[in-house]
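Please read the structure below before turning to the comments.
Numbering (the working numbering), first residue to last: 75 to 271.
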C-alpha cells in the first residue's frame with residue numbers, strides 16, 4: 075500500500091537513508107551523503123504533502139517525493155515537452171525489501187499520481203554511477219535526455235523523462251474531477267482531489 079507520509083515515519087525514513095548511504099559508499103557512489111538528503115528535506119516534503127511511503131508487512135518498504143520543483147540545472151537540457159511535469163526526487167527502497175519490485179511499484183505510483191492530477195509528463199535524475207537507479211528508470215520506460223552537474227559532485231547526473239499515455243475515458247474523468255476541484259476552491263471548500271503538485 076502506498077500512502078502519504080506522516081511525521082511518525084521520519085525515524086524509519088532516516089534509518090533507510092543512513093543504510094542506503096552506507097551501501098552507496100561501499101561501491102564508490104557518493105550521490106547521497108551527510109549533506110543530502112537531510113532530515114529537514116523529508117520534514118519539508120511531508121509538510122507539503124509531497125512524500126509517499128510504500129508499506130510491506132506493516133513496515134516501511136520505500137518512499138518517494140513527487141512534486142513540481144525542477145532543479146534549475148534542468149533548463150540546460152532539451153526536454154521533449156514544454157509543459158508541467160511531475161518531478162521524482164529522494165526515492166529509496168528499504169534494504170530489507172530489495173529485489174521484490176518495490177522500486178518499480180513506487181515509479182508506477184508516481185505515474186498514476188501524475189495522471190490523477192492531469193499531468194502526463196515525468197522527469198527525474200540520478201547520479202551517473204548509481205547503476206541501480208539508472209537501470210530501474212530504463213526498465214520502467216524512462217528515456218535518457220542528457221547530463222547535468224550539481225555542485226560538490228565530481229560526476230554528472232543522468233536525466234530521464236517519461237511521457238504518459240492517457241485514454242479518452244481517463245481524460246474525461248480527469249476533466250470532471252478538475253472541474254469539481256475548481257468549484258471547491260471557488261467556494262473555499264476543501265477538495266478531495268489533489269489539484270496540482
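Each residue gets a CB set at the ideal place from its N, CA and C atoms; glycine is no exception.
Sequence-distant residues of its chain with Cβ nearer than 7 Å to residue i (five each side left out)
i           : result
residue 154 : 235, 237
residue 111 : 91, 164
residue 88  : 113
residue 143 : 161
residue 180 : 128, 136, 138, 165
Whether residue i touches residue j by CB criterion (8 Å)
i           : j           : result
residue 169 : residue 93  : yes
residue 160 : residue 137 : no
residue 202 : residue 229 : yes
residue 85  : residue 128 : no
residue 79  : residue 120 : yes
residue 139 : residue 124 : yes
residue 198 : residue 211 : yes
Where residue i sits in the DSSP three-state scheme
i           : result
residue 191 : coil
residue 221 : strand
residue 172 : coil
residue 264 : For residue 264, the predicted model reports a pLDDT of 35, less than 50, meaning its position is unreliable and no value from the coordinates is stated.
residue 180 : helix
residue 235 : strand
residue 115 : helix
residue 167 : strand
residue 107 : coil
residue 79  : coil
residue 129 : strand
residue 240 : coil
residue 205 : helix
Nearest residue (CA-CA) to residue i, options the options
i           : options            : result
residue 275 : 134, 114, 109, 188 : Examination of residue 275 is not possible in this model, given that the chain is present from 75 through 271 alone.
residue 232 : 226, 220, 225, 239 : 220
residue 149 : 222, 106, 114      : 222
residue 196 : 116, 226, 216, 175 : 216
residue 224 : 134, 147, 239, 133 : 147
residue 226 : 108, 194, 88       : 108
residue 135 : 143, 172, 122, 157 : 172
residue 193 : 218, 158, 174, 176 : 158
Nonlocal neighbours in the same chain, by C-beta distance under 6 Å from residue i, ignoring five residues either side
i           : result
residue 131 : none
Contacting residues, own chain, Cβ-Cβ under 8 Å from residue i (five flanking each side not counted)
i           : result
residue 213 : 178
residue 118 : none
residue 208 : 200, 202, 232
residue 106 : 91, 94, 95, 98
residue 102 : 203
residue 176 : 128, 130, 135, 136, 167, 168
contact_flag[the segment 95-107, the segment 194-214] where n(CB pairs < 8 Å) is 3 or more: yes
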